């Protein structure tokens with residue numbers, strides 16, 4: 001039974017102090033087992049994540065506002081949702097299925113039962129990826145700023 | 001004060017020995033250690049709460065599987081398989097090793113649609129979860145005694 005864990009990306013801003021905040025990742029955990037929900041919720045909280053837990057894919061879509069009922073955001077149009085990493089958690093250790101998940105775009109695959117070390121590893125790798133994105137954006141802004149400065153200089157403003 | 005310390009030390013020793021014996025006898029595995037890692041002074045009832053949910057889950061699933069297996073001429077093996085899968089998953093998540101192992105045999109009986117085998121496994125899984133429930137209740141009682149005596153719950157390392 002495959003379950004999905006999603007996390008929203010950090011709101012990239014010039015405010016670098018937000019990187020120092022303890023709760024960087026907000027995770028939407030989806031699992032139909034009440035035992036696993038309780039377990040994963042605590043696991044994520046202990047790993048400094050903000051957690052929302054739901055019991056089905058339907059509820060997950062409702063939570064994200066993608067359930068089509070009051071859906072003002074077109075799923076295809078919203079690139080923000082495309083950026084959200086999806087992590088699969090499953091007890092099935094079938095390699096072709098795992099590969100398929102990853103090929104279809106899953107960020108990672110966690111084999112159940114999940115351990116604290118698994119979540120810590122995942123969190124670290126997700127934050128590193130976000131840091132890279134942040135640095136790229138800052139670098140890009142710096143280049144743009146330099147460009148504008150040069151233009152102003154040339155125009156002798 | 002010295003007398004109190006001795007009482008706490010004794011209780012801690014009893015707790016440790018009992019917990020180790022549960023691992024040694026195969027009632028619990030590594031995953032139970034993972035559960036304990038998530039408990040702290042701020043959440044002293046976490047493990048007890050999770051296993052309580054697990055035991056409720058066991059009871060519910062065993063009842064529904066029992067109903068599915070009831071009539072020999074009309075067994076819903078799909079439902080039984082689904083129940084076994086859920087039971088295997090949750091027992092695996094809490095470290096209930098014996099329960100999980102019965103589920104492995106149970107699944108095999110289900111796959112070949114062996115009703116008699118399934119009924120045996122059902123009885124076994126019922127026995128095992130109730131046994132574990134009793135054992136863990138004793139463990140939690142020891143934990144409570146330590147806390148009431150003013151002591152800390154020992155970190156137990158299982159190799």
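Protein chains in written order, with the UniProt record's numbering: chain L, 1 to 157; chain H, 1 to 159.
Every residue, glycine too, gets a C-beta built ideally from N, C-alpha and C.
Just so you know, these numbers come straight off a predicted model, no measurement behind them.
query, result
"If contact is defined by three or more beta carbon pairs under 8 Å, each pair taking one atom from either stretch, is the segment 30 to 45 of chain L in contact with the segment 53 to 63 of chain L?", "yes"
"Counting only beta-carbon separations shorter than 7 Å, does residue 34 of chain L have a partner in chain H?", "yes"
"Cβ of residue 38 of chain L within 7 Å of Cβ of residue 50 of chain H?", "yes"
"Assign residue 11 of chain H to one of two classes, buried (16 or more other C-beta atoms within 10 Å of its C-beta) or exposed (fewer than that).", "buried"
"Counting only Cβ pairs nearer than 7 Å, list the residues of chain L close to residue 31 of chain H.", "113"
"Have a look at H:7, H:138, H:17 and H:22 and flag the residue whose alpha-carbon is nearest the alpha-carbon of residue 95 of chain H.", "H:22"
"When you compare the CB of residue 38 of chain H with every CB in chain L, is at least one pair closer than 7 Å?", "yes"
"Between the segment 124 to 132 of chain H and the segment 30 to 41 of chain H, do three or more beta carbon pairs fall short of 8 Å?", "no"
"Are the beta-carbon atoms belonging to residue 149 of chain H and residue 7 of chain H less than 7 Å from one another?", "yes"
"Tell me, please, which residues DSSP counts as bridged to residue 110 of chain L.", "L:89"
"Could you please give me the residues that DSSP links to residue 49 of chain L through a beta bridge?", "L:25"
"Taking DSSP's pairing of strands, which residues face residue 28 of chain H in a bridge?", "H:96"
"Going by the CB atoms, is the gap between residue 110 of chain L and residue 89 of chain L shorter than 7 Å?", "yes"
"Between H:83, H:76, H:127 and H:86, which has its C-alpha nearest residue 98 of chain H's C-alpha?", "H:127"
"Starting from the beta carbon of residue 38 of chain L, find every residue of chain H whose beta carbon is closer than 8 Å, and list them in chain order.", "49, 50 and 53"
"In three-state DSSP terms, what is residue 119 of chain L?", "helix"
"Applying the criterion that 16 or more other CB atoms from any shown protein chain within 10 Å of the CB defines a buried residue, is residue 166 of chain H buried or exposed?", "The displayed coordinates of chain H run from 1 to 159. Any statement about residue 166 of chain H would go beyond what the structure contains."
"Using a Cβ cut-off of 7 Å, pull out every chain H residue sitting near residue 48 of chain L, in sequence order please.", "Ordered by position in chain H, no residue passes the 7 Å Cβ test against residue 48 of chain L, which lies about 13 Å from the chain."
"So, is the C-beta of residue 121 of chain L closer than 7 Å to a C-beta in chain H?", "no"
"List, in chain order, every chain H residue whose beta-carbon is nearer than 7 Å to that of residue 42 of chain L.", "38 and 46"
"Mind listing the chain H neighbours of residue 91 of chain L? Cutoff is C-beta to C-beta under 9 Å, in chain order.", "85, 88, 89, 92 and 93"
"Would you check if the distance between the CB atom of residue 87 of chain L and the CB atom of residue 118 of chain L is smaller than 7 Å?", "no"
"Which residues bound the alpha helix (DSSP H) around residue 96 of chain L?", "95 to 103"
"If contacts are defined as beta-carbon pairs under 8 Å, then residue 69 of chain H and residue 115 of chain H qualify, I think. What distance do you get, rounded to the angstrom?", "6 Å"
"What is the DSSP secondary structure of residue 54 of chain L, reduced to helix, strand or coil?", "strand"
"Under 9 Å Cβ-Cβ, which residues of chain H neighbour residue 181 of chain L?", "Beyond the ends of chain L as shown, which are 1 and 157, falls residue 181 of chain L; an answer cannot be given."
"Just grab the DSSP bridge partners of residue 30 of chain L for me.", "L:54"
"Smallest Cα separation from residue 46 of chain L: which of H:44, H:38, H:112 and H:52?", "H:38"
"Which bits of chain L does residue 57 of chain H rub up against, with CB to CB less than 7 Å?", "34 and 35"
"Just mark residue 68 of chain L as buried or exposed, buried being the case when its beta carbon has 16 or more other beta carbons within 10 Å.", "exposed"
"Can you list, in chain order, the residues of its chain with a C-beta nearer than 6 Å to that of residue 101 of chain L? Leave out the 5 residues immediately preceding and following it.", "88 and 109"
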